[in-house]
Each structure stands twice: as structure tokens, then as C-alpha cells.
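Engineer: Take this structure, written in C-alpha cells, and hold onto it; I'll ask about it next.
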Amino acid sequence: MKKLLFVFNPRSGKEQIRSKLLSILDIFVKAGYDVSVHVTQKPGDAAAVIKRRARFRTFVVVSGGDGTLNEAVSGIMAFPPEKRPSLGYIPSGSTNDFASSLGLPRDMKKAARLAVSGRDFPVDVGEFGGDRYFVYVAAFGAFTEVSYSTPQEAKNILGHQAYMLEAVKKITNLKSYRMRFVCGDWVLDDEFILGMVTNTISIGGFKGLVGADVALDDGEFEVLLIRRPRTPKDIANIAAYLIQREGENECVYKFRAHELSVESEEPVDWSLDGEYGGSRTEVKIRNLRRAVAIRRGTADPVDTSRNSAEKL
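Per my numbering, the sequence shown starts with residue 161, numbered consecutively.
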């Protein structure tokens, strides 16, 4: 019989998995799996249990939010590439950014069926500093915490433009960091209020903030950097980008990269998949192409077309 390790966070989102658990397990068993279940007890527990127990299982399914998915991928990355189990994902968080990029259903029972019947889709994984991983975003600075702390219902009511307009009002009071980004032969040295290294179509519940033409398996990140505004015109330019997400703008840098080296004059707090990722003055960020296979449907969730790298 096929073996499946099911790891879930009972506190994720509104704890909705509590009422769906028996149905989910029934779906797994009917699909022919011998199921082992682990309920996470604390932060880091999902990664630890997968490292310890996944070697005895051919398949892992995880349920939780983006942070739980990050832990699951981190646990799987502990195995050599040829021994990494496939991963099924049942999103149950409040944001579920990467689930949106994968085209996974929000209905937990539908997601469970897809986990055992879908096809493996190898996705890129970000390596952060050689000792941490991220699935879809490594970020610092303005709005990186606000986007996750604001309830999705409030975002739905406000809409992207109204939400960003409120955020723009705080720009002049935001802390900036003197940072140096090295990408191949290209060097960018300035003061920045926001940076995102991403592999997703959705950030904090908003789509299109970094780019729409995103491929999850191409070995490249989409990078967004916003420098500190120096004039009222700069503030207007940043606001125009955040609200309209288009137009030329000398304050906003967008480009693609396989690998980045980042240095800062003072420690910078980073967020990895919406969770605290540590404070660093130096970090190397590397794209590990098609490192983990996640189950999803047969239709491509995002457009994999490519435009040339650009500075807006």
C-alpha cells in the first residue's frame, strides 16, 4: 500500500480543518494510501517531523497557511534531490499566496482530492543565506508586515488601490536601508524602503504587484526594489506604481535574477513567506530550479511568457 504522511496546522486560518479532517482522511484512504497523521505543536514542527518521518513515506500532504507550506518545503529540502517526496498542499491559511499561484482550490476537500489525483509540478525554491528556504517571497522593508497583518476581508472591501493609497500615506515616515545588490555584473547601490525577491503572482493577497508574466519553474526570481523617495515627485512616482502597477518610474526597479548577493550597512529584518526570516547585513539568495514537486491540476495556473528584464 502507498504511504502518505499528513501534517496539518490546526490553528491555521479559522481552524476550519477541524470540521473537515475526517472527510480529508477518508479521501486519502479511498485513494489507496496508508496514512500517518501529525498535528503540528509549535513553529518549526512541520519541518522537523517531515525531516524525521518523510523518508519512510512516498508522499507528503500538508495543510496550513503559507508559513506551514514553507516549513514543509524546508523539511523536504533536507533530502537529496532524488529522494525528495512529492508534496500535496491543502491551503487553510488566511492569505494562501502560493496556492493562488498554483491554481489550487480553496475548498479543502477539493484540494485533498487534487493532492492524491493531480500531477507533480516541480517548482523553484529560494535558498536564503545557505541555511533557510522560501517558496515564493523573501522581502524586507515597507508593507511586508502590513500586507499579512491586514485581514483579507478588509483588503477585499478596500480593494488594491484604496489599500495601497493608505500605505502610500506612510511613505515619508518609512525607514530606509543603505543596501547593495549584486546580480552578475550588475550592481545597484542605494537607499531602499522595500524589496521583494519573488516567485509568485500574489503577494499578501494582491496580484500583479511584482509582475503578471511569472513562471514558477524557470529558475529565475522576479525582483522588486523601491528606493527612498527624495522629492515630492518621487513620492508621486512610487504611489503611481503601487496603485496602478505600471508606468515609467526611476524609484522602482524590476528585474529577474537567478542569484543575488545583498549587503547592508545595518541589520535588515527579512520576511520569508510571510514569517520572520532573521536579521542580516549580508545574504546570498539563490534560485534552486524545480527543486520540489507539488501536486496540482493539469492546467497551467500562470502565463509562462517572458518579457525582457526591465527597470521601471
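Beta carbons are placed, not taken as given, at the ideal position from N, Cα and C, and that holds for glycine.
Every value quoted in this text rests on a predicted model; they were computed, and no experiment measured them.
If you draw a straight line from the C-alpha of Ile-363 to the C-alpha of Leu-229, how long is it?
Structural biologist: Taking the first residue of the sequence shown as position 1, residue 363 is located at position 203. Taking the first residue of the sequence shown as position 1, residue 229 is located at position 69. So the alpha carbons of these two residues sit roughly 15 Å apart.
Engineer: With a cut-off of 8 Å on the beta carbons, I'd call Arg-217 and Leu-165 a contact; round off their distance for me.
Structural biologist: Mapped onto the sequence shown, residue 217 falls at position 57. Mapped onto the sequence shown, residue 165 falls at position 5. With 8 Å as the limit, Arg-217 and Leu-165 qualify as a contact, their Cβ atoms being about 4 Å apart.
Engineer: Can you tell me which residues form a DSSP beta bridge with Thr-228?
Structural biologist: To locate residue 228, count along the sequence shown from 1; it is residue 68. For Thr-228, which the question treats as bridged, DSSP gives no partner whatsoever.
Engineer: Between the Cα of Ser-252 and the Cα atoms of Glu-380, Glu-175, Arg-440, Lys-335, which residue gives the shortest distance?
Structural biologist: Position 92 of the sequence shown holds residue 252. The residue with the shortest Cα to Cα distance from Ser-252 is Glu-175.
Engineer: Inspect the CB distances between the segment 379-387 and the segment 437-448 and report whether three or more fall short of 8 Å.
Structural biologist: yes
Engineer: Please state the DSSP three-state secondary structure of Leu-384.
Structural biologist: Along the sequence shown, one-based indexing puts residue 384 at 224. Strand, per DSSP.
Engineer: Can you tell me whether Gly-204 is buried or exposed, with buried defined as 16 or more other CB within 10 angstroms of its CB?
Structural biologist: Residue mapping note: residue 204 aligns to position 44 of the sequence shown, counting from 1. Counting Cβ neighbours within 10 Å, Gly-204 comes out exposed, since fewer than 16 surround it.
Engineer: Quick check: the segment 218-227 against the segment 243-252, are there 3 or more CB pairs under 8 Å?
Structural biologist: yes
Engineer: Please report the distance separating the alpha-carbon of Val-342 from that of Ser-421.
Structural biologist: Start at 1 with the first residue of the sequence shown, and residue 342 comes out as number 182. Start at 1 with the first residue of the sequence shown, and residue 421 comes out as number 261. Those two C-alpha atoms are separated by around 5 Å.
Engineer: Excluding the 5 residues flanking Tyr-473 on each side, which residues of the same chain have their C-beta closer than 7 Å to its C-beta?
Structural biologist: In the structure as shown, the chain starts at 161 and stops at 472, and residue 473 therefore has no counterpart that could be examined.
Engineer: Verify whether the separation of the beta carbon atoms of Tyr-413 and Leu-369 is less than 8 Å.
Structural biologist: Within the sequence shown, numbered from 1, the residue matching residue 413 stands at position 253. Within the sequence shown, numbered from 1, the residue matching residue 369 stands at position 209. It is not a contact, given that the beta carbons lie outside the stated cut-off.
Engineer: What residue range does the alpha helix (DSSP H) around Arg-273 cover?
Structural biologist: Mapped onto the sequence shown, residue 273 falls at position 113. Run containing Arg-273: 268-277, per the alpha helix (DSSP H) assignment.
Engineer: By DSSP's criteria, Pro-251 is part of a beta bridge. Which residues make up the other side?
Structural biologist: On the sequence shown, position 91 is the one that residue 251 refers to. Paired residues: Gly-224.
Engineer: Determine the extent of the beta strand (DSSP E) in which Leu-354 is found, giving its start and end residues.
Structural biologist: Taking the first residue of the sequence shown as position 1, residue 354 is located at position 194. It spans 346-358 - the beta strand (DSSP E) in which Leu-354 sits, taken as one unbroken run.
Engineer: Rounding to the nearest angstrom, what Cα-Cα distance links Cys-411 and Ala-400 in this structure?
Structural biologist: Counted from its first residue, the sequence shown places residue 411 at position 251. Counted from its first residue, the sequence shown places residue 400 at position 240. For Cys-411 and Ala-400, the gap between their C-alpha atoms comes out near 11 Å.
Engineer: Leaving out five residues before and five after Lys-163 in sequence, what residues of the same chain have Cβ atoms less than 6 Å from its Cβ?
Structural biologist: What you label residue 163 is simply residue 3 of the sequence shown in a count that begins at 1. The answer, listed in chain order, is Asp-194, Arg-217, Thr-218.
Engineer: Give me the Cα-Cα distance between Asp-349 and Ala-238, rounded to the nearest whole angstrom.
Structural biologist: In the sequence shown, counting from the first residue as 1, residue 349 sits at position 189. In the sequence shown, counting from the first residue as 1, residue 238 sits at position 78. Using only the alpha carbons, I get a separation of about 34 Å.
Engineer: Evaluate Arg-455 with the Cβ neighbour count: other Cβ atoms within 10 Å of its Cβ, from every protein chain shown; 16 or more gives buried, anything less gives exposed.
Structural biologist: Position 295 of the sequence shown, counted from the start, is the residue given in the question as residue 455. Arg-455 counts as buried, since at least 16 other C-beta atoms from the protein chains shown sit within 10 angstroms of its C-beta.
Engineer: Considering only DSSP beta bridges, list what Glu-442 is partnered with.
Structural biologist: As a first step, residue 442 must be located in the sequence shown, where it is residue number 282. Partner(s): Glu-423.
Engineer: According to DSSP, Asp-194 sits in a beta bridge with which residue or residues?
Structural biologist: Reading the sequence shown from its first residue, position 34 is the one you call residue 194. Looking at the DSSP assignment, Asp-194 forms a beta bridge with Lys-163.
Engineer: Between His-198 and the rest of its own chain, which residues show a CB-CB distance below 6 Å, the 5 nearest in sequence each way excluded?
Structural biologist: To locate residue 198, count along the sequence shown from 1; it is residue 38. Excluding residues up to 5 positions away in sequence, Val-167, Val-209 lie with their Cβ nearer than 6 Å to the Cβ of His-198 in the same chain.
Engineer: Can you tell me which of the three DSSP states Ala-375 falls into?
Structural biologist: In the sequence shown, residue 375 corresponds to position 215, counting from 1. Ala-375: coil per DSSP, three-state reduction.
Engineer: Do Ala-425 and Arg-292 have their CB atoms nearer than 8 Å?
Structural biologist: Walking along the sequence shown from the start, residue 425 turns up at place 265. Walking along the sequence shown from the start, residue 292 turns up at place 132. It is worth fixing the name first, because residue 425 is Glu in this sequence and not Ala. The Cβ atoms of Glu-425 and Arg-292 do not sit closer than 8 Å to each other.
Engineer: Count the other CB atoms, across all protein chains shown, that sit within 10 Å of the CB of Asp-345; report buried if there are 16 or more and exposed otherwise.
Structural biologist: Counting from 1 along the sequence shown, the entry for residue 345 is found at position 185. Exposed is the call here.
Engineer: Could you please give the first and the last residue of the uninterrupted alpha helix (DSSP H) stretch that includes Tyr-413?
Structural biologist: Residue mapping note: residue 413 aligns to position 253 of the sequence shown, counting from 1. Taken as a continuous stretch (DSSP letters only), Tyr-413 belongs to no alpha helix (DSSP H), being part of the beta strand (DSSP E) at 412-417.
Engineer: Going along the chain, which residues of its own chain have a beta-carbon closer than 6 Å to the beta-carbon of Ala-272, five neighbours each way excluded?
Structural biologist: Locating residue 272 in the sequence shown gives position 112, counting from the first residue. So the list reads Ile-184, Ile-187, Ile-250, once near-sequence residues are dropped.
Engineer: Could you name the residues of the same chain whose beta carbon sits closer than 6 Å to that of Met-161, not counting the 5 residues immediately before and after it, in chain order?
Structural biologist: Residue mapping note: residue 161 aligns to position 1 of the sequence shown, counting from 1. Hits under 6 Å: Asp-194.
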